[in-house]
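Residue numbers (the working numbering): 59 to 597. C-beta: ideal position from N, C-alpha, C; glycine also.
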Amino acid sequence: MPHIHVTGHRNPDTDSIAAAIGYAELRGHLDPDNTYVPVRLGDLNSQTRWVLERAGATEPEFLPHVMLRVRDVMQQDFYAAGIDDAVREVGLTMAADKLDVVPIVDHDGKLVGVMTERALARRYIRESREASTLVDAPTRVSAIAAAVSGEHVVGEDVAVAGRVWVFAMATDFPESGIGPGDAVIIGNRDDAQRRMIERGVALMLLSNGVTPSDEILKYAREHGTAVVVSPLDSYVCGRMTTLAAPCSALMDAEPLTVRGNDLLEDVTEEIKNVHYRAAVAVDRRGHPMGLVTRSDLVNPVPREVLLVDHAEQGQSVVGVEKAHIVEILDHHHIGSIETRVPVRATFDPVGSTSTLVTERFLQAQVTPTMPTATVLLGAILSDTVILNSPTTTDRDREAVGFLADFVGVEALTFGREMFESGSDAADASVESLLTRDSKEYETAEGPMSIAQIETAGTILVDRLGELRQALQAQHDRNGHVLSALMITDILEKHTQLLLAGDIAAAERAFGKDAKDGIIDLPGVMSRKKQVAPPLLGAF
């Protein structure tokens, strides 16, 4: 069943995670033909972990990228031959199924080579110019008997490793080289049969259904010559004898191998450059698990993603530009995501993407599970700062009312407990504080980043200098035109905006001077509505 990954942005906050969980659950209910999987693009912050634990919800799996891997395109249903299988049988299968390459495995199922059309053709051309031989392909008598539809009547099942002769000349002809270890195809001539045995051939193959005399059989037994009787004519017996050789004699013993998790773009050139235009995907034990051919590389089906709580390529999963975006559900501005085909996209100015998810549950008359309802409630309260943010709408309040009644909690109490219990800002490293909830925006002069830390009280007042210094160092590394960090006290409804880079632009945006790289913003709580728009307008 196809998988569609539902993903929020990098540096996920509670709304991003909850929207992914909730919308994946709803879409899975409405579209059972697909499997919707919520994922995360980064580590969870303390608040989100607290909400998930309180809800009893499972943490989404980490998705590093949506670039195609070998396992996404490889053929999982493929033919593999054993190392002792006859070349003829493998060749017939390749011809019947129009196969260019066949993996060859040993007795433990481990890949040891590949059989290719090129190898079969070269074998045929070589034997059309030279005497047929089994020197490089020792072949058991039983295998030869099977290839010529014959019966092994005398001798042990030894491996024949000499030349193959169709005896039509006198044995004393000057260029006749029949000798010990060879295989000879012969007709109904008792004297010639006796002389072949005397020469020490390893195998005497009687064609056209010739029945050897008891005397010849006894003589062959005494001299250690195996005898096979075949109903086929001499020419066919000669060809079939060489084709009874095991695959080990003809295979490419150094096949191109790949791993299932290898990125397709990393192995494409190797596959194109090898003469048989294919690679065998192997597992950790070296067993073949798939086959990737040149045709599999032509217009492969991209992985599918559903984006929630963002529409910026810089905030999305790595490789999103090569994926098939099936839908976008967001409450921010229309971002830089580009799609190859028209998709359903919603950009609705409410306080939280989880509000949009909740409304879709209600519209579809689908009841969310208790864990999902709890994480959605926490997400809306988080993004709207317990319904105090200027981004809060009546729709957010209605969604919170429905979810709080359903979960059986008092929304204000739940929200305060979430902010107090889910904050570790006082003890967190400056690196984690700068990256845990950071978003990038494109301006006319280059990228800009705005991070936000929400606190219940003034617990970071003593660390402002440390944070401002770390923000400057981060800015020097990333080369953005402006790097900003909002430290928002949700109880006092107050933000201190730390800046690095083009501070003059920020001063123009807010009409205030920055003191030591910090602008004081009373009443400001929302990055989306109160900070990002004026900063974007300053460039």
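- In this structure, T299 lies near V206, with their beta-carbon atoms less than 8 Å apart.
- Out of D547, G282 and H533, the CA that lies nearest to the CA of L557 is found in H533.
- In terms of Cβ geometry, A82 and P429 do not form a close pair [threshold 8 Å].
- Taking the Cα positions, G595 is about 15 Å away from I392.
- For the 8 Å CB-CB criterion, S353 and T449 do not form a contact.
- Secondary structure of P580 (DSSP, three-state): strand.
- For Y499, the enclosing beta strand (DSSP E) covers residues S496 to T501.
- In the DSSP assignment, V218 forms a beta bridge with T197.
- A distance below 8 Å separates the beta carbons of V160 and A138.
- For D388, the pairing in a beta bridge is given by DSSP as F405.
- By alpha-carbon distance to H390, the top candidate from V401, K380, G377 and H368 is H368.
- F597 sits close to A502, with the two beta carbons spaced by under 8 Å.
- Your pair L579 and L555 checks out as a contact, with CB atoms roughly 6 Å apart and the cut at 8 Å.
- Counting along the chain, the unbroken alpha helix (DSSP H) around A154 starts and ends at V145 to D155.
- As far as DSSP is concerned, Q373 takes part in no beta bridge.
- Pairing D454 with S104, the inter-Cα distance amounts to about 23 Å.
- Distance from the CA of L121 to the CA of G372, rounded to the nearest whole angstrom, comes to 15 Å.
- DSSP assignment within the region 409-497 yields the following whole alpha helix (DSSP H) runs of 4 residues or more, N-terminal first: 411-422, 428-441, 452-465, 469-479 and 488-493.
- The region 279-292 makes no contact with the region 304-321; the number of CB pairs closer than 8 Å stays below 3.
- Per DSSP, the continuous beta strand (DSSP E) segment holding L555 begins and ends at H552 to G559.
- Closest in C-alpha terms to E498, from the list V589, I545 and A78, comes V589.
- In the DSSP annotation of this structure, the continuous segment of the alpha helix (DSSP H) that includes Y293 starts and ends at S292 to L301.
- DSSP places P96 in the strand class (E or B) of the three-state scheme.
- The region 160-169 makes contact with the region 131-147; the number of CB pairs closer than 8 Å reaches 3 or more.
- Annotated as distal: I329 and E370, with beta-carbon spacing of 8 Å or more.
- When DSSP states are grouped into helix, strand and coil, I79 belongs to the helix group.
- Contact annotation: S507 and S496 have beta-carbon atoms nearer than 8 Å.
- In this structure, the straight-line span from the alpha carbon of L275 to that of L263 is close to 12 Å.
- Around the CB of E512, 16 or more other CB atoms lie within 10 Å, so the residue is classed as buried.
- Judged by DSSP in its simplified three-state form, A336 adopts strand.
- Excluding five sequence positions before and after Q527, none of the CB atoms of its chain fall closer than 6 Å to its own CB.
- Inter-residue distance for R361 and V325 is about 18 Å (C-alpha atoms, whole angstroms).
- Bounds of the alpha helix (DSSP H) holding H281 are D272 to H281.
- Ranked by Cα distance from H281, the first of S265, S271, L301 and A260 is A260.
- Rounded to the nearest angstrom, the gap between the Cα atoms of L522 and E385 is 40 Å.
- The three-state secondary structure of A284, taken from DSSP, is strand.
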